[in-house]
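The letter at position 35 of the sequence shown is residue 35 when you use UniProt numbering, and the numbering goes up by one with no holes.
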Amino acid sequence: MVPLTTALSKLLNCKPENLAEYLNNPEAVNKATVYLGGKKLKTTYLSRDGTTKDVKFGNFSLKSASDTYAFEGFLGMFCHHFSLSNYHPPVSEVKVHQYFYIKHRIRLLYPQLKCVVEYHNKGHSKYYPLGKFYT
Numbered sequence: 001m002v003p004l005t006t007a008l009s010k011l012l013n014c015k016p017e018n019l020a021e022y023l024n025n026p027e028a029v030n031k032a033t034v035y036l037g038g039k040k041l042k043t044t045y046l047s048r049d050g051t052t053k054d055v056k057f058g059n060f061s062l063k064s065a066s067d068t069y070a071f072e073g074f075l076g077m078f079c080h081h082f083s084l085s086n087y088h089p090p091v092s093e094v095k096v097h098q099y100f101y102i103k104h105r106i107r108l109l110y111p112q113l114k115c116v117v118e119y120h121n122k123g124h125s126k127y128y129p130l131g132k133f134y135t
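Below, the structure is given as structure tokens:
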């Protein structure tokens with residue numbers, strides 16, 4: 001298995017640290033989307049039950065993991081009522097990179113990268129950091 005950042009860097013002919021810059025180019029995003037279209041990606045981290053998760057690639061987020069709200073597609077307008085703890089902002093204000101640290105104790109190496117969006121049939125989307133997958 002190859003890390004997704006490595007595979008995309010090779011596809012777009014750039015270094016992993018420059019991938020965020022390349023993914024701001026619509027042509028590069030289109031090329032990467034065609035390459036990943038419908039593929040199942042495997043997470044690099046373990047869930048609470050000790051297993052990895054398969055995520056079906058839907059699209060890339062418009063913004064980076066540090067700028068995308070973790071629950072904007074899932075809880076929507078209801079998430080402002082909840083807080084993860086007394087020490088954290090309300091859930092509606094938690095960004096993807098913050099959520100991964102709070103839930104998994106994972107600091108993202110490239111929080112400036114876009115997220116992988118997984119679409120669900122119930123009308124919500126899940127956002128995952130691009131740097132946390134194998135192809």
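C-beta: ideal position from N, C-alpha, C; glycine also.
The structure presented is a predicted model; accordingly, all values stated were derived computationally and were not measured.
Would you decide whether residue i is buried or exposed? Buried here means 16 or more other CB atoms lie within 10 Å of its CB.
i	result
Ser-61	buried
Glu-21	exposed
Ser-64	buried
Thr-6	exposed
Lys-39	exposed
Val-96	buried
For residue i and residue j, what's the separation of their Cα atoms in angstroms?
i	j	result
Ser-9	Asn-24	14 angstroms
Leu-75	Tyr-99	With a pLDDT of only 48 at Leu-75, under the threshold of 50, the placement of this residue in the model should not be trusted; the figure read from the coordinates follows. Each residue's Cα considered, the two are about 14 angstroms apart.
Lys-122	Val-34	24 angstroms
Asp-49	Pro-129	20 angstroms
Glu-118	Cys-14	25 angstroms
Val-94	Tyr-127	12 angstroms
Leu-19	Leu-36	15 angstroms
Met-77	Cys-115	Any reading at Met-77 must be qualified, since the residue scores a pLDDT of 44, below 50, and its modelled position is unreliable; no value is offered.
Tyr-101	His-124	22 angstroms
Ser-47	Leu-41	15 angstroms
Thr-52	Tyr-69	23 angstroms
Phe-71	Thr-43	19 angstroms
In its own chain, which residues sit with a C-beta less than 8 angstroms from the C-beta of residue i, not counting the 5 before and 5 after it?
i	result
Leu-109	Gly-131
Lys-31	Leu-11 and Leu-12
Check each candidate in the options and name the one with the smallest Cα separation from residue i.
i	options	result
Tyr-134	Leu-113, Arg-105 and Val-55	Val-55
Glu-27	Gly-37, Pro-16, Leu-36 and Leu-12	Leu-12
Asp-67	Leu-41, Asn-18, Gln-112 and Ser-125	Gln-112
CB-CB under 7 angstroms to residue i, same chain, minus the five flanking residues each way: which ones, in chain order?
i	result
Tyr-45	His-104, Ile-106 and Lys-132
Val-29	Leu-23 and Phe-60
Among the residues of its own chain, which have a CB less than 6 angstroms from the CB of residue i, if the five just before and after it don't count?
i	result
residue 163	No statement about residue 163 is possible, as the shown extent of the chain runs from 1 to 135 and does not include it.
Met-1	Tyr-134
Pro-16	Thr-5 and Ser-9
| Where in the segment 90 to 132 do unbroken runs of the alpha helix (DSSP H), each at least 4 residues long, occur, reported from the N-terminal end onward? | 96 to 104
| message | As an exercise, report each continuous beta strand (DSSP E) stretch of at least 3 residues that is fully enclosed by the segment 30 to 62, in chain order. | response | 40 to 43 and 54 to 56
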